[in-house]
Amino acid sequence: MQFDKTHIQIRNRTESELLDISLHVFRRFPLQILGSFLVVAIPLLVLNNFLLGHVLSLEYNLTSFDSLSIVEQEYTTSDLSFKTFLYLQILLIIAEAPLASTLSTLMLSKLIFNEKPTIKGLIKDARKCFWNILFAFGIRRGILIMLGLLLLLFNDDSGSRSAAITFYTITFIVLLFVRGCRPYMLEIILLERPGRDPSKGMTLSQRSKMLHTATGGNVVGRSMFGMLVGAMFSLSLYGAIVFFSTSLFTESGTIESSVFTAQWLFPISCWLAVCYTSVVRFLNYIDTRILLEGWEAELKIRTEAYKLEKRQQLGASW
Numbered sequence: 012m013q014f015d016k017t018h019i020q021i022r023n024r025t026e027s028e029l030l031d032i033s034l035h036v037f038r039r040f041p042l043q044i045l046g047s048f049l050v051v052a053i054p055l056l057v058l059n060n061f062l063l064g065h066v067l068s069l070e071y072n073l074t075s076f077d078s079l080s081i082v083e084q085e086y087t088t089s090d091l092s093f094k095t096f097l098y099l100q101i102l103l104i105i106a107e108a109p110l111a112s113t114l115s116t117l118m119l120s121k122l123i124f125n126e127k128p129t130i131k132g133l134i135k136d137a138r139k140c141f142w143n144i145l146f147a148f149g150i151r152r153g154i155l156i157m158l159g160l161l162l163l164l165f166n167d168d169s170g171s172r173s174a175a176i177t178f179y180t181i182t183f184i185v186l187l188f189v190r191g192c193r194p195y196m197l198e199i200i201l202l203e204r205p206g207r208d209p210s211k212g213m214t215l216s217q218r219s220k221m222l223h224t225a226t227g228g229n230v231v232g233r234s235m236f237g238m239l240v241g242a243m244f245s246l247s248l249y250g251a252i253v254f255f256s257t258s259l260f261t262e263s264g265t266i267e268s269s270v271f272t273a274q275w276l277f278p279i280s281c282w283l284a285v286c287y288t289s290v291v292r293f294l295n296y297i298d299t300r301i302l303l304e305g306w307e308a309e310l311k312i313r314t315e316a317y318k319l320e321k322r323q324q325l326g327a328s329w
């Protein structure tokens, strides 16, 4: 990495500064970041809709609501299906967020240091880390388990569906706790490429422990704050998308299809928020390394050495 040739000045920053810089980075490279992100996010969007689309038509056992009229029972069933779909969709998007930002993280790592990457080159780089990513996120962080539990929702037995949703929620809570303590696992895998043999260098688990525990609760605090910002940002985007879509493309100015909104508009707003938070997470990772590895001090030493070299050249020319 060439610290003296970057689009962002190398120095330690506060969280509010990083949020602001993330917007500037997004404004500076909108097509590159969004394009690399959508390469992975669009297949995940389609996959999630395949796994969860049928939830909107599930029927619930309403024997406890015998006093309700037929209209009230039908409304309650559709309302429960709608809320269940949104609940499962939100948890799944949060779980898949690091996977969706794989290419955008590689893109950022090259753009910040004045390189000109291509999507083909990024995919080639990401393929080298495929098994590490699959093991770290698919198995250890339970994403594959969550996807498997969603397949159980195709079962007609309401008891099986309830058990699947319960274990799905428990798995997500564990995943959220692990990610809060180790938020930069993806960046370590993609950018540092640690090996598996301790005799040949630092392993992934050793590097992760070193990076995440050195600053104490600062990493956890920034991770939780980033999730909060992402949630607020996704709600804001959802409101904006719904407003413009209903204002421009409907005659009544209201949403005719709540199913279309739940299946597409809401997930799209969430994925766009994930794209922004991936930039925030990347800059937080860089900031943590600046603090721990002394990048700022090294850059100052290089600058002074360069000035001294220029002075010596100027003196020799006389």
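To convert a position in the sequence shown, counted from 1, into the numbering used here, add 11. Using N, Cα and C, we set each Cβ at its ideal position, and we do this for glycine too. All values reported here derive from a predicted model rather than from experimental measurement.
Start-end ranges of the alpha helix (DSSP H) lying completely within the segment 187–250, minimum 4 residues: 215–224
Let me check understanding here. Comparing Cα to Cα, which of Val-51, Phe-96, Thr-177 and Thr-288 lies closest to Met-235? Thr-288
Specify whether the segment 145–159 and the segment 98–115 touch according to this definition: at least 3 beta carbon pairs, one from each stretch, less than 8 Å apart. The segment 145–159, when compared against the segment 98–115, does touch it at the 8 Å Cβ threshold.
Range covered by the alpha helix (DSSP H) that runs through Glu-126: Here Glu-126 belongs to no alpha helix (DSSP H), and DSSP marks it neither H nor E.
Below 8 Å on the Cβ atoms is my guess for Ser-47 versus Met-118; work out the distance and round it to an integer in Å. 4 Å
The alpha helix (DSSP H) with Arg-151 in it runs from where to where? Segment: none, Arg-151 is in no alpha helix (DSSP H) and carries neither H nor E.
Using a Cβ-Cβ cut-off of 7 Å (strictly less than) and excluding sequence neighbours within five positions of Gln-274, which residues of its own chain qualify? Asn-60 and Gly-64
Are the CB atoms of Leu-164 and Leu-62 nearer to each other than 9 Å? Yes, they are a contact pair.
To the nearest angstrom, how far is the alpha carbon of Leu-67 from that of Ala-106? 21 Å
Exposed or buried, what is Asp-298 when buried is set at 16 or more other beta-carbons lying within 10 Å of its beta-carbon? Its Cβ being crowded by 16 or more others within 10 Å, Asp-298 is buried.
Count the other CB atoms within 10 Å of the CB of Pro-194; is the residue buried (16 or more) or exposed (fewer)? Buried, because 16 or more other Cβ atoms sit within 10 Å of the Cβ of Pro-194.
On the criterion of 16 or more Cβ atoms from any shown chain inside 10 Å, does Ser-219 qualify as buried, or is it exposed? buried
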